[in-house]
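First to last, the protein sequences are chains A, B and C. The numbering used here numbers the first residue of the first sequence as 5 and each following residue consecutively. The numbering used here numbers the first residue of the second sequence as -10 and each following residue consecutively. The numbering used here numbers the first residue of the third sequence as 7 and each following residue consecutively. Worksheet for the structure shown next.
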Amino acid sequence: MSVSFRESLARISVSLLAGALPAAGARAQSYGYGEPLRNDNFGPGFNYSQIDAALLVYQEGGGRVMAIEPTLDLSVHAADGRALTLSAAADAVSGATPNGAVPSDKPQNFVTPLKAAGSSTTVTSASGGSTVIQLPPTPGQAATAALGRQYTVAANTLPVDKGFHDHRAALGGGWTQPVGGITDMGFTLGYSRETDYQAITTSGHVDQTFNAGNTNVSLALNGEFDSSFPFGGIPAPLTPMNAQFKTPTSRNKTQAGFVLGLTEVMTRRWLLSLNYAFDNQSGYQSDPYRIISLVDPLNGEPVQSLYEGRPTKRTSQSIYWDNKIDWGPAVTDLSARYYTDSWGVRSSTVELDQRINLTPSIYIEPSVRWYDQKAASFFRYFLVQGQPMPAYASSDMRLGSFHALTYGAKFGLSLSKRSEIYLKAEYYHQGGAAHPAVAFGQLRQQDLFAGTNAAIAFIGYSWDFH
Amino acid sequence: MKWILPILALALSACAPLKDNFLGPQPYEKDLMARKEMQVDAYPFLTQAEEHIYFSKEASSGGRGFAGGGCGCN
Amino acid sequence: MDRDYHIGFSAMATPCEVRLETDDEGLAHRVAEAAEAEARRIEAKFSRYRSTSVVSQINRDGHCGLVVDEETANLLDCAAAFHLLSDGLFDVTSGVLRRVWKFDGSARVPDQEQVAAILPLVGWRKVKWDKPKLILPAGMELDFGGLAKEYAVDCVLSVVGRLAEAPALVNFGGDLAVTGPRHDGSPWTVAIESVDEPRRMAGLLELTAGALATSGDARRYLFKNGVRYCHILDPRTGWPVRDPPRSVTVAAATCIEAGLTATLAMLKGSEAEEFLKREEIKSWCIR
């Protein structure tokens, strides 16, 4: 063929369509089609890898907890559905954290076991440094000089322990692939370790796509084995706070649960997800450093600090519903979650994220999250001396009744077709009853709500390569 | 607690008729689902970090497709 | 604000879709009516399943000699020219072979005698085509199956183009064409269906102009003694082509060009990729 095949064919086509197509000749010359499998496509059938490097900076108000956490995530997806993920994270947390006691109109002292010789224990601060104290020998034991750490909290302030300082490192990985007729099966493994806690996590999942790729149903089983080995040992619940080293030195907790998920492409623009999660935890679940105040029944003055105690069994269920809707220049993500557990906690969460593509390479994404929680049945702001001791009690605000609002915005910039840098800033605010009805005596004047306010910033770099 | 499962079943069956046509979008209509922002978890770091923060400050955990936890911020 | 109108209907035993980017709902309705009308017109005229179609008339009365209308004449010219360009591989008279080859997934492969008996009724050069007069020897049949859908896509696109200044895409079950890029300059994205798992996506293409057509054997074949006989028959021998790709998708300026090229690539069997590469045709083969 001296004239190229394409030219001859083009002439045939033009003759045929000349009657039907005006200016067919001109159109027949203007080709324009992109390469298949362009670099910015994701999902099943594509080969791509993604690296995410990011940094989280977290700062609570009032000189409380500060945390910095760098992370690195790598995921490699093959077109046939196999995928590998690896992740690493480290964090450094420091600052003051509420110890669980109520504020008093008089200064309060708290005593905890002393860290090993060689580590610094003093904090110079006007409203409560820690000092090393000599403890009287325990009756019946050899008169060795025991040392403890004592810190004082000023009147009318929320008692916090300023000596809080911890490092954590975590590694995780996962593998997933199609198996026989099953769309996808995989597992993950994770390990997290900090000075006084270790967690080993594992999960396995199976998922199946059908209905022309529009429906995906999944089942994930997950398990975790945690060990808590707090400095100073594990205290017996609802016993007085002291500087002794306690036994046992460590206790464990196991968790097992499953998540049933449904993801459905509802229309060309709307992706829906629905998850049901069930979880069962058994073992040691108390916070070994946390106390609850025992107050005088007449005036509400704290007279003693007791270690908290939480039940050793906890069963929970939640339903999570997410919608992603693509309007074109904007994508909305609206989700809701309802959670309930055997400790009596009930919570509702609603999140709304609105991503707006200002240009093909710049987007902003304002977001808001509403959260409301009802307290655990054993949550107490304080215990009253002389009243019968409950089996379990904790004043950890994390288990209390409160509502929280997070609002923030994310800003993203594509540095190239395949890489993106993003910055997200959020403000998290918890609000709750400062003067609950149970307060009496001096407690009425105190702000008993120990919730958190925190400013959170993330900066991340995401790089996709195909 | 008992009512969660029947509601889930109802939601699952209710999904069926809400489509463009009987089977849902055809393969050639799923172009938008390939965009990064429509992936179920396009920014895993952000999701994990936020889940970690909420896990340490609130009593509820997980739900998104994995159970929460994995650290000692108990 | 522009909206993406999806117009869907069924024609030529295929789900048909027209997409239009416009803010004028009235226009979308007019385009929908016109597109569907044009698709049905072409189906009614060229389908061999309709007894009133021009093709059925030709097959019934062709041996007496007929004068055909301009549109049919253009299609016959196209068929003739492509028959020459493809060295006889593309042949609109090869339809009669379906009398002995029934691709139903079974193992009923015809034997030599059966094929030899029907082969004399195949062959474009036996047809007397002298525009506008057509004489079809007795027993022979014309089948525009390899042309009609792609031709319809091009015609419907021009109908839509004349009615609306808006960006549009016409897609008849995977054979599609666009007027140009979308309003914001971005391409139309189209998914290529996987051959092994029907309705699973094998890839995604982006189109800013021109057309796409796919030829494939997804569900029509015979399987006997470990050999797969695909439904692409070589009109010169009466037997299936050796080792064709499972699917070929071709991009070209018009749907008819894309469709004819894809069909020819399949007919080249094991040499499909070589042919496409040699002629520098934008295409994707799945084996």
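Just so you know, even glycine gets a beta-carbon here, dropped at the ideal spot from N, CA and C.
- For A/Ile329, which residues does DSSP report across the bridge? Paired residues: A/Trp274, A/Thr336.
- Residues near A/Tyr37 in its chain [Cβ-Cβ closer than 8 Å; skip 5 each side]: For A/Tyr37, the predicted model reports a pLDDT of 32, less than 50, meaning its position is unreliable; a value from the coordinates is still stated below. Here the set comprises nothing.
- What are the residues of the stretch 249 to 282 of chain C that lie near chain A, defined by any Cβ-Cβ distance shorter than 7 Å? For the stretch 249 to 282 of chain C, which is checked against every Cβ of chain A, the residues closer than 7 Å are Ala257, Ala259, Thr260, Ile262, Glu263, Leu266, Thr267.
- With 16 other CB atoms within 10 Å as the buried threshold, where does A/Ser297 fall? Under this definition A/Ser297 is a buried residue.
- Message: Does the structure place the stretch 86 to 96 of chain A close enough to the stretch 180 to 188 of chain A that three or more beta carbon pairs sit under 8 Å?
- Response: In the pairwise beta carbon analysis, the stretch 180 to 188 of chain A is classified as touching the stretch 86 to 96 of chain A: at least three pairs are separated by under 8 Å.
- For a contact meaning CB atoms closer than 8 Å, what does A/Arg359 contact in chain B? Per Cβ cutoff of 8 Å: Glu26.
- Listed by chain order, chain A residues near B/Glu47 by CB distance under 8 Å: For B/Glu47, the chain A residues whose Cβ falls inside 8 Å of its Cβ are Ser351, Tyr375, Gln377, Arg402, Ala408, in order along the chain.
- Between the Cα of A/Leu486 and those of C/Thr78, C/Thr28, C/Leu26, spot the shortest distance and give me the residue it belongs to. There is simply no residue 486 of chain A to check, as chain A begins at 5 and stops at 470 in what is shown.
- 8 Å contact criterion, which A/Asn103 and A/Gln154 should meet: CB distance rounded: Not quite, the Cβ-Cβ distance comes to about 13 Å (not below 8 Å), so this is no contact.
- In three-state terms, what does DSSP make of C/Asn80? Of the three classes helix, strand and coil, the one that applies to C/Asn80 here is helix, per DSSP.
- C/Trp130 (DSSP reduced to helix, strand or coil): Under the three-state reduction of DSSP, C/Trp130 is assigned to helix.
- chain A within 8 Å of B/Asp9, Cβ atoms only: Annotation note: pLDDT 39 at B/Asp9 (below 50); position unreliable, coordinate value reported separately. Taking 8 Å as the threshold, the shortest C-beta distance from B/Asp9 to chain A falls below it.
- Going by C-alpha distance, which of A/Val106, A/Met70, A/Pro117, A/Ala92 is nearest A/Val442? Ranking the options by Cα distance to A/Val442, first place goes to A/Val106.
- Under 8 Å by Cβ, that's how I've got A/Leu356 and A/Val372 pegged, so tell me the actual separation to the nearest angstrom. Sure, about 5 Å apart at Cβ, within 8 Å.
- Task: Could you name the residues of chain B that A/Asp56 contacts, counting a contact when the two beta carbons are closer than 9 Å?
- Result: Per Cβ cutoff of 9 Å: Tyr32, Pro33, Phe34, Leu35.
- Pick from A/Gly404, A/Lys428, A/Ser420: whose alpha carbon is nearest that of A/Thr410? Cα-wise, what sits closest to A/Thr410 is A/Lys428.
- Using a cut-off of 8 Å between C-beta atoms, extract the partners of C/Cys84 located in chain A. Neighbours of C/Cys84 on chain A, chain order: Ile16, Ser17, Ser19, Leu20.
- Task: Name, in chain order, the residues that DSSP records as bridge partners for C/Pro138.
- Result: BP columns for C/Pro138 are empty, so no partner.
- Item | Close Cβ partners of A/Asn2 (< 7 Å) along its chain, the five nearest in sequence each way excluded | Because residue 2 of chain A is not part of the residues shown, which for chain A are 5 to 470, the question remains open.
- Message: Closer than 7 Å between beta carbons: that is the criterion. Which residues of the stretch 307 to 339 of chain A meet it against chain B?
- Response: Cβ contacts with chain B: Gln321, Ser322, Ile323, Tyr324, Lys328, Asp330, Val335.
- Message: Residues of chain C with CB closer than 7 Å to the CB of A/Leu275, please, in chain order.
- Response: Those within 7 Å of A/Leu275 in chain C number zero; the least Cβ separation is about 15 Å.
- Item | Inter-residue spacing [alpha-carbon to alpha-carbon] between A/Tyr465 and A/Glu424 | A/Tyr465 and A/Glu424: Cα-Cα distance of roughly 6 Å.
- Give the straight-line distance between the Cα atoms of A/Gln450 and A/Asn284, rounded to the nearest whole angstrom. Spanning the two alpha carbons is a distance of roughly 37 Å.
- Give the DSSP bridge partners of A/Gly208, in chain order. The partner list for A/Gly208 (beta bridge, DSSP) reads A/Phe191, A/Leu225.
- Using a beta-carbon distance below 8 Å, is A/Asp77 in contact with chain B? Yes, its Cβ sits closer than 8 Å to a Cβ of chain B.
- Buried versus exposed, by CB contacts within 10 Å (16 or more), C/Asp29: By the neighbour-count rule (16 or more Cβ atoms within 10 Å), C/Asp29 is not buried but exposed.
- Query: DSSP state of A/Gly36, grouped into three classes?
  - Reply: Below a pLDDT of 50, predicted positions are generally treated as unreliable, and A/Gly36, at 30, falls in that range; no measurement from the model is reported.
- Message: Between C/Ser164, C/Leu95, C/Ala268, C/Phe178, which has its C-alpha nearest A/Ala22's C-alpha?
- Response: That would be C/Ser164, whose Cα lies nearest to the Cα of A/Ala22.
- Task: Using three-state DSSP, classify A/Tyr411 as helix, strand or coil.
- Result: Looking at A/Tyr411 - three-state DSSP - the assignment turns out to be strand.
- Query: Is A/Thr316 helix, strand or coil by DSSP?
  - Reply: Correct three-state label for A/Thr316: coil.
- Message: Could you give the first and the last residue of the continuous beta strand (DSSP E) run that contains A/Thr75?
- Response: Per DSSP, A/Thr75 is one residue of the beta strand (DSSP E) stretching across 70 to 81.
- Query: Can you find a C-beta in chain B that's less than 8 Å from the C-beta of A/Lys166?
  - Reply: No, because no Cβ of chain B sits closer than 8 Å to the Cβ of A/Lys166.
- Residues near A/Ala454 in its chain [Cβ-Cβ closer than 7 Å; skip 5 each side]: Closer than 7 Å at the Cβ level, and outside the excluded window around A/Ala454, lie Pro102, Leu162, Met401.
- Query: Using a C-beta cutoff of 8 Å, does C/Glu49 count as contacting chain A?
  - Reply: Closer than 8 Å: no.
- Message: Helix, strand or coil, according to DSSP, for A/Ser420 in the structure here?
- Response: A/Ser420 sits in coil when the DSSP states are folded into three classes, being neither helix nor strand.
- Task: Give a yes or no on contact between the stretch 122 to 139 of chain C and the stretch 242 to 259 of chain C, applying the rule of three or more CB pairs nearer than 8 Å.
- Result: At 8 Å Cβ cutoff, the stretches touch.
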